[in-house]
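Accompanying notes for the structure given below.
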Amino acid sequence: MTVSDYLVTDDLTIILGLVGAGLFLLHNLYKPQSLVHPILLGRQSDVARVRNAGESALYRNYGTGMLGRFPARPNKEQQVLLDLVKPEFDAPRTLWSTKITNLQLRERAVNLGSGLIKAAGLEPEESNVLLLLNDSIEFLITDLALASHSIPSFTLASLQLLAPVLQNHPPSAIVVQSDFLPQLLELIHKSNESVHHTIIVVGELDPKLQRGYGAVKLLKWDVMERTGSQEKVEPHKPGPLDVFTVSFFSGSSGGLSAVSLTHENLTAGVASARALLPLSGAISPLDTLVSGHSLSTAYGRAIAYTAVFEGTNFATLRSSKLIDNASSASLADVKTSDAYPIPSPTIIFGKPSHVVGLSTAILAEAKKSSFLYGLAWRHKFSGILDGFITKQSLWDRLVFDNARVKVMGKGAGTVRAIIASGEPLEESAVTPARIALSIPVVNVYTHPAVSGPVFASHPLDLQTFPAIPPVPSATAADNYAFTYESPVGPPTVNIESKLLGVNDAAVEGGSDPVGQLWVRGPSVGKLLYVDEPEKEEDKGWVDTGDRARVLTNGTFKIASSGVLKK
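Going by numbering that gives the first Met the number 0, the first residue of the sequence shown is number 0, and it counts up by one from there.
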């Protein structure tokens, strides 16, 4: 046979060859490109070149760099709390149930501050006020009013801390919701401290309570505001480094701890919260923010003031309540924002349980309603492995869109990002959430002493990592092996972190540093150890009480549990 005999082909062979070439080209041309270049995801922290013995190197956000200055405010004009309410922004927006402009918000804060000075007898730089309020417009106005007159506020992460705070740190006055007033009066009566308390009540005041506890001075919040509108008092202009609040929380050993936050700590927290999303999808006045974090916590306050600064609509979930915080399923809790007259949410600052609740319900609905579910899952998963995610694909239109609408309602088409923090996010829950929601899911690590996020994963980092078995502690005195959940990303733009108690030999051998997490930066407040032994602080460093592991790409994992080594 000649060579030409081997080259003889029929029409079928030619057609099959063309089909194969076409499929190859289609696969390569239509294969989704990664939304973030792999080089960027491979180095998310800037790492110091040297380290001290027993410590890891210093880690900063790669965008900040080791020599960059930490942003301490969203813009240079925002020096103190009231500056976050920009007077030049005159468009109305809805905060909880109140439609209000920035000028109206500033005016109400000035009026209330004047009333608190005139009618309640509070003194700038001398008095302090305990806030026993659920998240509301009244909380925000009271916070701004007190801060503008240099009157520090006290907040509680939990009502269980109320008795020890009243006993050990009695405030000059208490602002309380009317439905919690009877319990507060009973607690004050039992402590025999009633003569020392001025109580300002938000809501209706029952006259019987005044007669029953005559030694307590009861005033109405709205009367304070009206009084101040008639006789203005010039605000006592605070400085950025002045303390504006003390936040009480349960420490790592269960005792009472507290952190004092300055105006700069809060403005720095707003600056880092704004940086959680990329510039291409930055927070704007068109957004509606919904938060599951109480304003009585440092992080919850930073979220609220981020919404105030950006001019967005804002509301909180039922789970953020300080008073009457009835537990409910995560999915039902997300829907509690529908009770407020706000536009459909676009960004949710929730908890990992909210993410899991939403994704589980969406996937269950999609699986039940479409026979294409398995095929759609595989295609969406393949896109995630390639670093690509979208809500506009064919599989979303055929399978997932209807499921999202049934589970999320009107938010199915508007929610564009979920920022999860407050609890560990299990590694196994990350990929299902990305497939079900098909929007950026940012995993954030927070701490009661830090107003902003400490670590935050990149919104478009869709990498998955194999599970890491429990890691034995490097210290001989510690007999526990720790389990680390999904990565919480690198330090945020104004946080510097390091690990103490690392195994030097293991680190020099190329192992990931593992140790006790310490942080510092302008969003980190000053810890006040109340019922716990005071820990050594070095040049602004704060011990978080958590253990962490640093991966080779500069992202961190936080230990969620410890297991006794055998």
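We put the CB at the ideal spot given by N, CA and C, even for glycine.
Given the structure is predicted, the values throughout are model-derived calculations rather than measurements.
Taking the straight line between their C-alpha atoms, what separation do you get for Leu-57 and Arg-50?
On the sequence shown, residue 57 is found 58 positions in, with the first residue counted as 1. On the sequence shown, residue 50 is found 51 positions in, with the first residue counted as 1. Cα to Cα, the separation comes out at about 7 angstroms.
Could you give the residue range of the alpha helix (DSSP H) that holds Ser-228?
Against the sequence shown, residue 228 aligns to sequence position 229. Its alpha helix (DSSP H) spans residues 220-229.
Since Gly-514 sits in a beta bridge, which residues does DSSP pair it with?
Counted from its first residue, the sequence shown places residue 514 at position 515. According to DSSP, which records beta bridges pairwise, Gly-514 is partnered with Ala-547.
Measure from the alpha carbon of Lys-189 to the alpha carbon of each residue in Val-215, Val-175, Tyr-483, Val-200, then state which is nearest.
In the sequence shown, residue 189 corresponds to position 190, counting from 1. It is Val-215.
With which residues is Lys-350 paired in a DSSP beta bridge?
The sequence position of residue 350 within the sequence shown is 351, counting from 1. DSSP output for Lys-350 lists no bridge partner at all.
Whole angstroms are fine: how far does the CA of Ala-331 sit from the CA of Ala-363?
To locate residue 363, count along the sequence shown from 1; it is residue 364. To locate residue 331, count along the sequence shown from 1; it is residue 332. Answer to the nearest angstrom: the Cα atoms are 16 angstroms apart.
What does the alpha-carbon distance come out to for the pair Tyr-61 and Gly-16?
Indexing the sequence shown from 1 puts residue 61 at position 62. Indexing the sequence shown from 1 puts residue 16 at position 17. Spanning the two alpha carbons is a distance of roughly 48 angstroms.
What did DSSP end up calling Gly-51 once you bin it into helix, strand or coil?
Here residue 51 refers to the residue found at position 52 when the sequence shown is read from its first residue. Before going further, note that residue 51 is Asn rather than Gly in the sequence given. Looking at Asn-51 - three-state DSSP - the assignment turns out to be coil, as it is neither helix nor strand.
Cβ of Leu-297 within 9 angstroms of Cβ of Gly-539?
Locating residue 297 in the sequence shown gives position 298, counting from the first residue. Locating residue 539 in the sequence shown gives position 540, counting from the first residue. Residue 297 is actually Ala in this sequence, not Leu. In this structure, Gly-539 does not lie closer than 9 angstroms to Ala-297 by Cβ.
Quick test of your reading: Val-513 and Val-501, contact by CB under 8 angstroms. State the CB separation rounded to the nearest angstrom.
Walking along the sequence shown from the start, residue 513 turns up at place 514. Walking along the sequence shown from the start, residue 501 turns up at place 502. Sure, about 6 angstroms apart at Cβ, within 8 angstroms.
Hey, would you say Thr-494 sits closer than 9 angstroms to Phe-69, going by beta carbons?
Position 495 of the sequence shown holds residue 494. Position 70 of the sequence shown holds residue 69. For clarity, residue 494 is Ile in the given sequence; the question names Thr instead. Closer than 9 angstroms, so yes.
Below 7 angstroms CB to CB, which residues in the same chain sit around Val-46 once its five sequence neighbours on both sides are set aside?
Counting from 1 along the sequence shown, the entry for residue 46 is found at position 47. Ala-56, Tyr-58, Gly-553.
Would Ser-259 pass as a contact of Leu-81 if the rule is Cβ separation under 9 angstroms?
For the purposes of this step, residue 259 is taken as the residue at position 260 of the sequence shown. For the purposes of this step, residue 81 is taken as the residue at position 82 of the sequence shown. Not closer than 9 angstroms, so no.
What is the rounded straight-line gap between the Cα of Val-492 and the Cα of Ala-146?
Position 493 of the sequence shown, counting from 1, holds the residue named residue 492. Position 147 of the sequence shown, counting from 1, holds the residue named residue 146. Approximately 26 angstroms, taken between the alpha carbons.
Checking the sheet assignment: what are the DSSP bridge partners for Gly-488?
Position 489 of the sequence shown, counted from the start, is the residue given in the question as residue 488. Paired residues: Phe-555.
Taking only runs of the beta strand (DSSP E) that begin and end inside the segment 232-265, which ones reach a length of at least 3 residues, in chain order?
Listed in chain order, the complete beta strand (DSSP E) runs (minimum 3 residues) inside the segment 232-265 are 242-249, 255-261.
So, using beta-carbon positions, are Glu-224 and Ile-140 closer together than 9 angstroms?
What you label residue 224 is simply residue 225 of the sequence shown in a count that begins at 1. What you label residue 140 is simply residue 141 of the sequence shown in a count that begins at 1. It is a contact, given that the beta carbons lie within the stated cut-off.
Which whole-angstrom value describes the C-beta separation of Leu-184 and Leu-131, a residue pair presumed to lie in contact below a C-beta threshold of 8 angstroms?
If you number the sequence shown from 1, residue 184 lands on position 185. If you number the sequence shown from 1, residue 131 lands on position 132. That belief does not hold up - the Cβ atoms of Leu-184 and Leu-131 are roughly 12 angstroms apart, past 8 angstroms.
Contact check, Ala-303 vs Leu-294 under 8 angstroms by CB: the rounded distance?
Taking the first residue of the sequence shown as 1, we reach residue 303 at position 304. Taking the first residue of the sequence shown as 1, we reach residue 294 at position 295. That pair is a contact at about 5 angstroms.
Within the continuous alpha helix (DSSP H) that includes Ser-113, where are the two ends?
The residue you call residue 113 lines up with position 114 of the sequence shown. Counting along the chain, the alpha helix (DSSP H) containing Ser-113 begins and ends at 101-117.
Kindly give me the distance between the Cβ atoms of Ala-52 and Asp-511, rounded to whole angstroms, as I take these residues to be in contact under 8 angstroms.
The count along the sequence shown starts at 1 and reaches residue 52 at position 53. The count along the sequence shown starts at 1 and reaches residue 511 at position 512. Not quite, the Cβ-Cβ distance comes to about 18 angstroms (not below 8 angstroms), so this is no contact.
Whole angstroms is fine: what's the gap from Ser-256's alpha carbon to Leu-165's?
Within the sequence shown, the letter at position 257 stands for residue 256. Within the sequence shown, the letter at position 166 stands for residue 165. Spanning the two alpha carbons is a distance of roughly 14 angstroms.
Under the assumption that Pro-73 contacts Ala-270 (Cβ atoms under 8 angstroms), give the Cβ distance between them as a whole number of angstroms.
Numbered from 1 along the sequence shown, position 74 holds the residue referred to as residue 73. Numbered from 1 along the sequence shown, position 271 holds the residue referred to as residue 270. Going by Cβ atoms, the distance from Pro-73 to Ala-270 rounds to 5 angstroms, so yes, they are a contact pair.
To the nearest angstrom, how far is it from the Cα of Ser-437 to the Cα of Trp-95?
Mapped onto the sequence shown, residue 437 falls at position 438. Mapped onto the sequence shown, residue 95 falls at position 96. In a straight line, the C-alpha of Ser-437 is about 27 angstroms away from that of Trp-95.
Find the nearest neighbour of Thr-154 within the set Ser-456, Ile-341, Ile-322, judged by alpha-carbon distance.
Translated into positions along the sequence shown, residue 154 becomes position 155. Comparing Cα-Cα distances from Thr-154 to each of Ser-456, Ile-341, Ile-322, the minimum goes to Ile-322.
Please report the Cβ distance between Ser-126 and Ala-301, rounded to the nearest whole angstrom; I am assuming they are in contact, meaning their Cβ atoms lie under 8 angstroms.
Position 127 of the sequence shown, counting from 1, holds the residue named residue 126. Position 302 of the sequence shown, counting from 1, holds the residue named residue 301. About 25 angstroms separates the two Cβ atoms, so there is no contact after all.
How would you write the range of the beta strand (DSSP E) that Phe-313 sits in, first residue to last?
Indexing the sequence shown from 1 puts residue 313 at position 314. First-last of the beta strand (DSSP E) with Phe-313: 312-315.
How would you call Ala-476, buried or exposed, if buried means at least 16 neighbouring beta carbons within 10 angstroms?
Here residue 476 refers to the residue found at position 477 when the sequence shown is read from its first residue. Per-residue confidence for Ala-476 stands at a pLDDT of 42, beneath the threshold of 50, marking its modelled position as unreliable; the derived number appears in the next sentence. Result: exposed.
Between the beta-carbon of Gly-310 and the beta-carbon of Phe-88, is there less than 9 angstroms?
The residue labelled residue 310 in the question sits at position 311 within the sequence shown. The residue labelled residue 88 in the question sits at position 89 within the sequence shown. Yes, the Cβ-Cβ distance between Gly-310 and Phe-88 is below 9 angstroms.
What is the DSSP secondary structure of Lys-565, counted as helix, strand or coil?
Translated into positions along the sequence shown, residue 565 becomes position 566. Summary for Lys-565: the model assigns pLDDT 41, below 50, so the residue's position carries little reliability; its value from the coordinates is reported in the next sentence. If DSSP states are grouped into helix, strand and coil, Lys-565 belongs with coil.
Per DSSP, what kind of secondary structure is Asp-176 in: helix, strand or coil?
Stepping through the sequence shown from its first residue, residue 176 is reached at position 177. For the sequence presented, residue 176 should be read as Gln rather than Asp. Gln-176: strand per DSSP, three-state reduction.
Relative to the alpha-carbon of Phe-399, which residue among Thr-359, Leu-424, Glu-422, Ala-419 has its alpha-carbon at the smallest distance?
For this step, residue 399 is matched to residue 400 along the sequence shown. The shortest Cα separation from Phe-399 among Thr-359, Leu-424, Glu-422, Ala-419 belongs to Thr-359.
I'd like to know whether the C-beta of Thr-554 is nearer than 9 angstroms to at least one C-beta of chain B.
Looking for chain B here will not work: only one protein chain is present.
Pull up the DSSP beta-bridge partners for Asn-60, would you.
One-based indexing of the sequence shown puts residue 60 at position 61. Per DSSP, Ser-44.
So for Gly-16, helix, strand or coil by DSSP?
The sequence position of residue 16 within the sequence shown is 17, counting from 1. Reduced to three states, the DSSP call for Gly-16 is helix.
Could you check where the beta strand (DSSP E) with Thr-93 kicks off and where it finishes?
To locate residue 93, count along the sequence shown from 1; it is residue 94. Looking at the DSSP string, the run of the beta strand (DSSP E) that includes Thr-93 is 92-94.
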